[in-house]
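Take the sequence shown: its position 209, counted from the start at 1, is 209 in full-length UniProt numbering, and no numbers get skipped. Presented below is the structure to which this report refers.
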Amino acid sequence: MLGLGQTYSNVNTTSCRQIGHGVLSGCEDITVDSETGLAYLACGRLRARQHWLHPDDPYDLIHEEEVDRVYVMDENDIYSEIKVLERASDGSLQPFAQDFRVHGFDIYWSPGARQEMTFMFVNHQLQQNAISIFNHIRGTDYMVHVETVASDLLNSPNNILAMSKRAFYATNDMKYVRGAMREVSKYLRLPNAHVVYRSEQGEFTIAAKNIRYANGIAKHQDWIYVAASSDPGVHIYKALPDHSLISHGRIDFKDSLPDNIFIDPLTGQLYCASLLKALETFRYFKRPSLSTTATAGTKVLRFTPRDDSSNKFDIEPILIDSGRLMPTATIAAVQRRNQVKRLLIGGVMSDALVVCDSVV
Numbered sequence: 001m002l003g004l005g006q007t008y009s010n011v012n013t014t015s016c017r018q019i020g021h022g023v024l025s026g027c028e029d030i031t032v033d034s035e036t037g038l039a040y041l042a043c044g045r046l047r048a049r050q051h052w053l054h055p056d057d058p059y060d061l062i063h064e065e066e067v068d069r070v071y072v073m074d075e076n077d078i079y080s081e082i083k084v085l086e087r088a089s090d091g092s093l094q095p096f097a098q099d100f101r102v103h104g105f106d107i108y109w110s111p112g113a114r115q116e117m118t119f120m121f122v123n124h125q126l127q128q129n130a131i132s133i134f135n136h137i138r139g140t141d142y143m144v145h146v147e148t149v150a151s152d153l154l155n156s157p158n159n160i161l162a163m164s165k166r167a168f169y170a171t172n173d174m175k176y177v178r179g180a181m182r183e184v185s186k187y188l189r190l191p192n193a194h195v196v197y198r199s200e201q202g203e204f205t206i207a208a209k210n211i212r213y214a215n216g217i218a219k220h221q222d223w224i225y226v227a228a229s230s231d232p233g234v235h236i237y238k239a240l241p242d243h244s245l246i247s248h249g250r251i252d253f254k255d256s257l258p259d260n261i262f263i264d265p266l267t268g269q270l271y272c273a274s275l276l277k278a279l280e281t282f283r284y285f286k287r288p289s290l291s292t293t294a295t296a297g298t299k300v301l302r303f304t305p306r307d308d309s310s311n312k313f314d315i316e317p318i319l320i321d322s323g324r325l326m327p328t329a330t331i332a333a334v335q336r337r338n339q340v341k342r343l344l345i346g347g348v349m350s351d352a353l354v355v356c357d358s359v360v
């Protein structure tokens, strides 16, 4: 699991390139509108992202610049910012005044009116971890803040699955926000992570527990998938009427650690960015200036559902990078738009977005 002593050669990377250096950096998560093919990216400066990756490390918050931004991108690598705004007391729009430090995010499209989009962001604010919710109309260049919600059960949120304009599931990767027990939990791979559900009425409950570092979460049809990074695999759940999650097995990973999950809505295939060398990855996350990019390594896996009732998948690695193209990757998303089909790969500590034209 740690990748000790392993070496990896590049596989299927010849059509890949980096774009958006210094702008599309730290893009931890990507969501694609299946109707338009537009890709939405949550990005930020690498130095600021280190603060919530390593909350116990010293960090100069006083001189921190505004960092995190949301972008929309078409199939021609043309991208633009979607401004994050809020309503003033007089009804006018002004810049969002709260902290905006984005981790995972998801979008809910209103049934029958898909131009109405609800963005939900895991927001690592200075005073609390929270979920910030915004409304966006497709084609505009801004989104408007609706609410920011927090809970004692939302202690260390990592990723989110939007179920409606208000309801969601969110993963908590560890029980402890900071301190020695957080490090102990990480290195002993303790099963103290969980998934929470927030109802339409604003109530939080634990939906699934005893997970080792709950990471990405995604949904297709009735199935909900949760990546467990410290017990490498993807848990498969179904929701009960009370919104708790019941296990229906898992997909085991052999030599890499899963991060975020993207599901192609047209095929039901799962795409998962995974880390090949955990120790080198941790070193790079700690100090991105270290010369570890040649050995950290990334693998992108595709899981194709079998045409039976077994709830099994055919698994294939579709890309392996030794670390020269991207230091690490946290999300791999399929973009289809105007006859173009390609793979977008983002990384929480990568200085650019990677686009692969002939991988999928």
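Cβ atoms here follow ideal geometry from the backbone N, Cα and C, with glycine treated the same way.
The three-state secondary structure of Ala-278, taken from DSSP, is helix. Residue environment for Pro-241: exposed (fewer than 16 other C-beta atoms within 10 angstroms of its C-beta). Rounded to the nearest whole angstrom, the C-alpha separation of Ala-333 and Phe-96 is 28 Å.
In the structure shown, the three-state DSSP call for Phe-285 is helix. Boundaries of the alpha helix (DSSP H) harbouring Arg-182: 180-188, taken from the DSSP string. Pairing Thr-14 with His-136, the inter-Cα distance amounts to about 36 Å.
For the beta strand (DSSP E) assignment, the uninterrupted runs of no fewer than 3 residues enclosed by the region 97-166 are, from N- to C-terminal side, 102-110, 113-124, 129-137, 142-149, 157-162. Counting along the chain, the unbroken beta strand (DSSP E) around Ala-193 starts and ends at 193-198.
In this structure, the beta-carbon distance from Val-354 to Gln-18 falls below 7 Å. For Asn-215, the enclosing beta strand (DSSP E) covers residues 214-220. Annotated three-state conformation of Arg-47 is helix, per DSSP. By a beta-carbon distance limit of 8 Å, Val-11 does not contact Leu-257. Their separation comes to about 18 Å.
The count of Cβ pairs closer than 8 Å, one atom from the region 336-354 and one from the region 26-45, reaches three, so the stretches are in contact. Within the DSSP bridge table, the entry for Asn-172 names Pro-157, His-194 as partners. Taking a 10 Å sphere around the C-beta of Lys-254, we find fewer than 16 other C-beta atoms and assign the residue as exposed. Gly-37 places its beta carbon less than 7 Å from that of Arg-337. The count of Cβ pairs closer than 8 Å, one atom from the region 185-195 and one from the region 140-149, stays below three, leaving the stretches out of contact.
Here the C-alpha atom of Gln-98 lies approximately 43 Å from the C-alpha atom of Tyr-8. Taken through DSSP and simplified to helix, strand or coil, Thr-330 comes out as coil. Per DSSP, reduced to three states, the secondary structure at Phe-262 is strand.
In this structure, His-235 and Ile-211 form a Cβ contact; the two beta carbons are roughly 7 Å apart against a cut-off of 8 Å.
Per DSSP, the continuous beta strand (DSSP E) segment holding Asp-29 begins and ends at 29-32. Secondary structure of Gln-339 (DSSP, three-state): coil. Note on geometry: alpha-carbon atoms of Val-184 and Asp-307 lie some 42 Å from one another. Nearest in C-alpha terms to Ser-274, of all of Pro-265, Ser-34, Phe-303, is Phe-303. Within the DSSP bridge table, the entry for Thr-205 names Tyr-197 as partners. The alpha-carbon of Leu-343 is positioned some 43 Å away from that of Asp-90. The Cβ atoms of Val-32 and Gln-269 lie no closer than 7 Å to each other. Measuring C-alpha to C-alpha distances from Glu-280 to each of His-248, Ala-329, Gln-221 identifies Ala-329 as the nearest.
Residue Ala-218 holds the alpha-carbon nearest to the alpha-carbon of Asn-158 among Ala-113, Ala-218, Met-143.
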